[in-house]
Amino acid sequence: MPHSIAIIGASGYTGAELIRIIATHPSFEIKALAANSKAGQSMAQVFPHLRHLDLPDLVTWEQIDFDQIDLCFCALPHKTSQEVISKLPKSVKIVDLSADFRLRDPEAYKKWYGNEHAAKEMQTEAVYGLTEFYRDDIKAARLVAGTGCNAATGQFLLRPLIAAGVIDLDDIILDLACGVSGAGRSLKENLLHAELSEGTQAYSVGGTHRHLGEFDQEFSAIAGRAVKIQFTPHLAPFNRGILATGYVKGDAEAIHAALSKQYASEPFIEVLPMGETPSTHHVRGSNFVHIGVVADRLPGKTIIVAALDNLFKGSSGQAVQNANLMLGEDETAGLMLAPCFP
1 MPHSIAIIGA SGYTGAELIR IIATHPSFEI KALAANSKAG QSMAQVFPHL
51 RHLDLPDLVT WEQIDFDQID LCFCALPHKT SQEVISKLPK SVKIVDLSAD
101 FRLRDPEAYK KWYGNEHAAK EMQTEAVYGL TEFYRDDIKA ARLVAGTGCN
151 AATGQFLLRP LIAAGVIDLD DIILDLACGV SGAGRSLKEN LLHAELSEGT
201 QAYSVGGTHR HLGEFDQEFS AIAGRAVKIQ FTPHLAPFNR GILATGYVKG
251 DAEAIHAALS KQYASEPFIE VLPMGETPST HHVRGSNFVH IGVVADRLPG
301 KTIIVAALDN LFKGSSGQAV QNANLMLGED ETAGLMLAPC FP
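Start counting the sequence shown at 1; every next residue gets the next number (full-length UniProt numbering).
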């Protein structure tokens with residue numbers, strides 16, 4: 001019997017991507033789709049590219065019969081997500097795509113997101129959803145907190161290097177370009193075509209980006225001491241994709257070896273031959289991550305580059321990967337689609 005799936009927040013980009021992935025999943029079946037602002041509409045009205053699928057119409061999340069649901073994906077904005085999830089039955093497994101359960105410390109959540117957490121008891125229950133590093137915990141979890149897409153990209157680059165002790169922890173710079181879909185589907189003036197196209201811009205400069213909370217939490221836990229990186233994201237005029245460039249102090253060969261060892265058996269992460277760098281084109285529309293390592297001209301300095309699709313591996317693909325583990329399915333089920341190129 002297939003697993004019965006609900007998606008709350010189905011009218012956003014990550015909701016649509018979840019539907020696209022699950023449409024060909026061998027053991028998941030979508031039973032309910034919720035989007036309170038568009039309740040009563042069909043998915044064909046909201047996303048015409050999904051017109052060919054036989055999908056339930058959108059309802060409010062309160063209208064879903066969760067007694068018939070095995071797992072619910074929650075693709076709502078932060079703050080809203082915690083309020084909804086706290087009201088769901090304990091019998092339902094949940095993968096949350098928002099920021100609400102990523103940070104274990106309520107004070108850290110308040111610092112980065114500006115409000116008190118409304119479900120603190122669930123915050124301690126949640127498992128951080130970076131699949132490749134929390135696989136065993138995710139298998140046993142009821143609630144999994146999906147990572148930020150920027151945070152996932154940076155961690156794929158840096159976690160193995162911090163753990164292996166091959167870089168200087170006090171000299172880490174991460175520069176990142178993210179496609180406009182990372183800002184979500186809601187209308188924003190700075191995302192209008194005339195405002196965004198033919199240019200790019202840095203944002204949250206100087207250590208204010210919320211995903212720094214995840215970097216601080218995760219890197220410090222690995223190192224056993226405080227690790228704080230310099231991080232600047234850039235909004236780029238393409239629809240989807242993230243390209244992250246890390247600048248570190250350490251031997252390039254040792255860094256390449258540490259990454260290759262860490263990801264040797266990972267189905268979705270490819271470490272490129274030494275000296276090659278990836279492109280967002282090469283992972284577009286897929287659950288794959290490509291990582292490249294290049295020795296800098298300055299002795300003892302190394303540049304590392306990672307590319308992933310922010311909507312797929314950075315969010316909805318990661319969510320399905322985690323759901324597969326939570327429901328006892330093959331981790332790669334529904335996710336081996338090749339990237340779309342060109």
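In this text, a Cβ means the ideal position worked out from N, Cα and C, and glycines have one as well. Being a predicted model, the structure only gives us computed values, none of them experimental.
Query, Result
"Check whether L97 and T14 have beta carbons under 8 Å apart", "yes"
"Three-state secondary structure (DSSP) of P160", "helix"
"Outcome for C340 when other beta-carbon atoms lying within 10 angstroms are tallied against a minimum of 16", "exposed"
"Proximity below 8 Å, CB of V166 to CB of D296", "no"
"Cutoff 7 Å; reference S81; Cβ partners in own chain excluding five residues on either side", "C74, D96, S98, D100"
"Selection from P342, N287, V248, K228 that minimises the alpha carbon distance to T131", "N287"
"L174 and F219 closer than 8 Å at C-beta", "no"
"Residue ranges of each alpha helix (DSSP H) within the region 52-113, 4 or longer", "80-85, 106-113"
"Span separating the alpha-carbon of E266 from that of T147", "18 Å"
"Residues that DSSP places opposite Q201 in a beta bridge", "L235"
"Per DSSP, cross-strand counterpart(s) of Y128", "A145"
"Endpoints, the alpha helix (DSSP H) within which F215 is located", "212-223"
"Nearest-angstrom beta carbon gap, V289 and K313 [assumed within contact, 8 Å]", "6 Å"
"W112 beta carbon near the ligand GDP (any heavy atom closer than 7 Å)", "The model depicted lacks the ligand GDP and carries no ligand whatsoever."
"Straight-line Cα distance separating F238 from S197", "8 Å"
"Residues of its chain near D137, where Cβ-Cβ distance is below 7 Å and the 5 sequence neighbours each way are ignored", "V127"
"C-alpha distance - T28 paired with P299, whole-angstrom precision", "It is worth fixing the name first, because residue 28 is Phe in this sequence and not Thr. Straight-line Cα distance between these residues: approximately 51 Å."
"Residues near W112 in its chain [Cβ-Cβ closer than 6 Å; skip 5 each side]", "R210, G213"
"Stretch pair the region 242-260 + the region 176-192: three plus CB contacts closer than 8 Å", "yes"
"Neighbour-count burial assignment, R225, 16 or more Cβ in a 10 Å radius", "exposed"
"Paired residues, beta bridge with D175 - DSSP", "T232, T245"
"Within 8 Å, strictly: CB atoms of G317 and I22", "no"
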